[in-house]
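Residue numbering for the sequence shown follows numbering that gives the first Met the number 0, beginning at 0 and increasing consecutively.
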Amino acid sequence: MRIALFEPEIAGNVGAILRLGACLGAAVDLIEPMGFVWDDRRVRRAAMDYIDHVTITRHAGFDAFRATAGSARLVLFTTKSSQSAYDFSFRADDILLFGKESAGVPPAVADACDARIRIPLRPQVRSLNLAMSAALALGEALRQTGTLPDLTA
Numbered sequence: 000m001r002i003a004l005f006e007p008e009i010a011g012n013v014g015a016i017l018r019l020g021a022c023l024g025a026a027v028d029l030i031e032p033m034g035f036v037w038d039d040r041r042v043r044r045a046a047m048d049y050i051d052h053v054t055i056t057r058h059a060g061f062d063a064f065r066a067t068a069g070s071a072r073l074v075l076f077t078t079k080s081s082q083s084a085y086d087f088s089f090r091a092d093d094i095l096l097f098g099k100e101s102a103g104v105p106p107a108v109a110d111a112c113d114a115r116i117r118i119p120l121r122p123q124v125r126s127l128n129l130a131m132s133a134a135l136a137l138g139e140a141l142r143q144t145g146t147l148p149d150l151t152a
């Protein structure tokens, strides 16, 4: 299971998602350009020392990222979908894609995805924070596929 972030804009969100990936065993793909200068200090502040326990791959753009996906299914989380993440059947090799905080993904990227799903929210609110969305999505995907970390290890 991988998490992919399309043009993320906030270093703290990326750091939190790197920590999430480290804790739950998911690699993280960063699709550039990013909305901040990549430097260890800014990202490490949120990721703490967990950054050393996650596989991070940076891609020059969406096409470069897509070329590395192989046969993995690209699952886009978007507020523009009516299919709930809790009614979706995840696979262990899925790539969970999240758009930039301010605008999501452009139509061409959405069209290149194999599935579009959303996290159900109350109608009075727009969206969750990017890192919270990634945590809910990854937790459900790992639960469904039986690939959560082993508590007895």
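Where a beta carbon is used, it is the ideal one built from N, C-alpha and C, also for glycine.
Under 9 Å between C-beta atoms of residue i and residue j
{"i": "I2", "j": "I94", "result": "yes"}
{"i": "M0", "j": "D92", "result": "yes"}
{"i": "L127", "j": "L135", "result": "yes"}
{"i": "M58", "j": "L29", "result": "The sequence as given places His at residue 58; Met does not occur at that position. It is a contact, given that the beta carbons lie within the stated cut-off."}
{"i": "L23", "j": "P122", "result": "no"}
8 Å Cβ shell around residue i - same chain, five flanking residues per side excluded
{"i": "E8", "result": "M33, G34, F35, K99, E100 and S101"}
{"i": "A68", "result": "I94"}
{"i": "R90", "result": "R72 and T144"}
{"i": "R125", "result": "T78"}
{"i": "S81", "result": "R117"}
Cα-Cα separation, residue i to residue j
{"i": "Q143", "j": "D110", "result": "25 Å"}
{"i": "A66", "j": "T56", "result": "13 Å"}
{"i": "V108", "j": "T151", "result": "40 Å"}
{"i": "T54", "j": "F87", "result": "26 Å"}
{"i": "L141", "j": "A25", "result": "9 Å"}
{"i": "G173", "j": "W37", "result": "Past the edges of the chain, shown from 0 to 152, lies residue 173, and the structure says nothing about it."}
{"i": "L120", "j": "N12", "result": "20 Å"}
6 Å CB neighbourhood of residue i in its chain, flanking five on each side removed
{"i": "E139", "result": "A84"}
{"i": "C112", "result": "L73 and L75"}
{"i": "R115", "result": "L75, T77 and S80"}
{"i": "F61", "result": "I30 and V108"}
{"i": "S70", "result": "none"}
{"i": "T146", "result": "A91"}
Environment of residue i [buried if 16+ CB atoms lie within 10 Å]
{"i": "L4", "result": "buried"}
{"i": "L137", "result": "buried"}
{"i": "A10", "result": "buried"}
{"i": "A21", "result": "buried"}
Own chain partners of residue i with C-beta closer than 7 Å, once the 5 adjacent residues on each side are dropped
{"i": "S132", "result": "F76, F97 and I118"}
{"i": "F64", "result": "A3, D28, I30 and H58"}
Stretch pair the stretch 49 to 66 + the stretch 11 to 25: three plus CB contacts closer than 8 Å:
Touching, yes.
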